[in-house]
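In the working numbering, the protein residues as written are 65 to 574. Ideal placement from N, C-alpha and C gives every residue a C-beta, glycine not left out. Bear in mind the structure is a predicted one, so any value in this text is a computation, not a measurement. See below for the structure under consideration.
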């Protein structure tokens, strides 16, 4: 009995000591990058009522953990620096070494954000050149959860030939452009998951208020209308596996291809595409880390949905939600869907891919946002194009021009500003014509025109300063123009900076 009591006492003491230890979330770890010239929250956990002191770059802040053991301090306007050490003291002492102070960007989305440098073009060259100790990436481990989490798994990595192959390619090439141009430390937080929808990345609190949310969540409401029965699901799965073995043998004997194996069942409520699950597991743990801005590469998965036309609303909801929760109106840009699938044949070829692309254009109404137009960077038969270098560069050009206010940098390709019907023609005026509009290849192609009958025909088009004049000899009273209106469109209009114009339309026909 005495031995049992002693053992329990030791365990109780160990538990009390563990609870008393000051702890930091994973994002505050060795090699991290903190945001310069901003209020920088530093937070963690300790014993309730425990005094906690934080020291960094000559600043000392002290606070007391609340009744739940949570604490937070805010450092003020740190200057760009390297080789700093973060010290956190309570009943114990934590030391986080090799801290940089520069600009931090959150980089999120689905597989084209998650796609690694090792899978992008010219990897051997990129690997050999990856020697940027002041450019670092924190990759959030995948986690789909039904409730918001306080912490995640991940670690900061330096850009070295050994590490760079595992980095998000789009994020890395974006950050590299900024680092080389601005000569400051850059931190990139990669929180992405392939094959996921935007609704998974937005908090439930934000999107559930939308009147359109029942449409967005309809399929999940049906999938979760009854409680998940794990035993029944596994019994059904095991029977399917047994049947599959027999079918594989039969197929082999008949010289046919083996059938696809059944998928192991899982609770749909925990699926990575269930609304808010990725926000809960992969964004919430980062809040309220101080950020310079955000970039987003997603939309492919939403192009297959019946509510693809809600993408602009969803993107706006997510951006406003993140800004509110991180406590800063930070700039945010996204990658417009590139060219993909079979090349365009008809003047107009609508699709979900085209719809999401247009919705991305519409979303530019959100203040302090930008869009990387990526026509010419896609691949007909691969939804994961390998040229992530130019994706990152076009995102970085936006940031350098609009966020860092560098002169002589084009923030975007041409975007229509207005349209006007005039004497059998339609005149489109563009902004972002840096250096003037150009027809790549010599002939201006990709424009379609229609009259009141809504019959589309390939148009004649010519450039006049910052305008494109569109017409067709058989259409005396044209009323609408569309440009590059297909998943893999004909396009030719560029600005002087070599960036293509966005696909667009002047009509609102169904």
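- Taking C-alpha positions only, residue 532 is separated from residue 482 by approximately 11 Å.
- Beta bridge pairing from DSSP links residue 254 with 171 and 203.
- In the structure shown, residue 324 falls within a coil segment according to DSSP collapsed to helix, strand and coil.
- Residue 372 and residue 335 have their alpha carbons spaced roughly 20 Å apart.
- DSSP places residue 512 outside any alpha helix (DSSP H); the residue lies instead in the beta strand (DSSP E), whose first and last residues are 511–514.
- If you look at residue 278, you'll find it in the alpha helix (DSSP H) that goes 277–280.
- DSSP assignment within the segment 366–399 yields the following whole beta strand (DSSP E) runs of 3 residues or more, N-terminal first: 396–399.
- In this structure, DSSP gives residue 421 a helical state, which the three-state scheme calls helix.
- For residue 546, the enclosing beta strand (DSSP E) stretches over residues 544–547.
- One thing to note: residue 420 has its Cβ within 8 Å of the Cβ of residue 375.
- Exclusion of the five residues before and after residue 185 leaves 450 and 451 as the residues of its chain whose Cβ lies within less than 6 Å of its Cβ.
- In this structure, the beta-carbon distance from residue 167 to residue 100 falls below 8 Å.
- About 4 Å separates the Cβ atoms of residue 436 and residue 458, confirming a contact at the 8 Å cut-off.
- Annotated as proximal: residue 397 and residue 433, with beta-carbon spacing under 8 Å.
- Three or more pairs of CB atoms, one per stretch, sit closer than 8 Å, so the segment 403–417 contacts the segment 536–553.
- In the structure shown, the three-state DSSP call for residue 242 is helix.
- Nearest Cα to residue 105 within the set 92, 280 and 114: 92.
- The C-alpha of residue 359 lies about 39 Å from the C-alpha of residue 293.
- Taking the Cβ atoms as the reference, residue 354 lies roughly 5 Å from residue 102, within the contact range of under 8 Å.
- In the DSSP annotation of this structure, the continuous segment of the beta strand (DSSP E) that includes residue 435 starts and ends at 433–436.
- Counting of Cβ neighbours within 10 angstroms places residue 356 among the buried residues, the total reaching 16 or more.
- In this structure, DSSP gives residue 110 a state outside helix and strand, which the three-state scheme calls coil.
- The continuous stretches of beta strand (DSSP E) do not include residue 300, which lies in the alpha helix (DSSP H) extending over residues 294–317.
- Secondary structure of residue 358 (DSSP, three-state): strand.
- Under a 10 Å Cβ-count criterion, residue 135 is classified as buried, with 16 or more other Cβ atoms of the shown protein chains found around its own Cβ.
- Residue 368 is classed as exposed because its beta carbon has fewer than 16 other beta carbons within 10 Å across all chains shown.
- The distance from the Cβ of residue 257 to that of residue 178 is about 7 Å, consistent with a contact at the 8 Å cut-off.
- Within the same chain, Cβ atoms closer than 6 Å to the Cβ of residue 126 are found at 117, the five residues on either side in sequence being excluded.
- Secondary structure at residue 336: coil, using DSSP grouped into helix, strand and coil.
- About 5 Å separates the beta carbons of residue 401 and residue 363, which is inside the 8 Å limit, making them a contact pair.
- In this chain, the beta strand (DSSP E) harbouring residue 494 covers 489–495.
- Apart from sequence neighbours up to five positions away, the residues of its chain that approach residue 253 with a beta-carbon distance below 6 Å are 170 and 202, ordered along the chain.
- Distance from residue 133 to residue 107 at the Cβ level is roughly 11 Å; contact not present, criterion being Cβ atoms closer than 8 Å.
- Cβ-Cβ distances below 6 Å link residue 453 to 237 in the same chain, with the five nearest sequence neighbours on each side left out; the list follows chain order.
- Cα atoms of residue 154 and residue 429: separation of roughly 47 Å, rounded to the nearest angstrom.
- The count of Cβ pairs closer than 8 Å, one atom from the segment 218–238 and one from the segment 179–198, reaches three, so the stretches are in contact.
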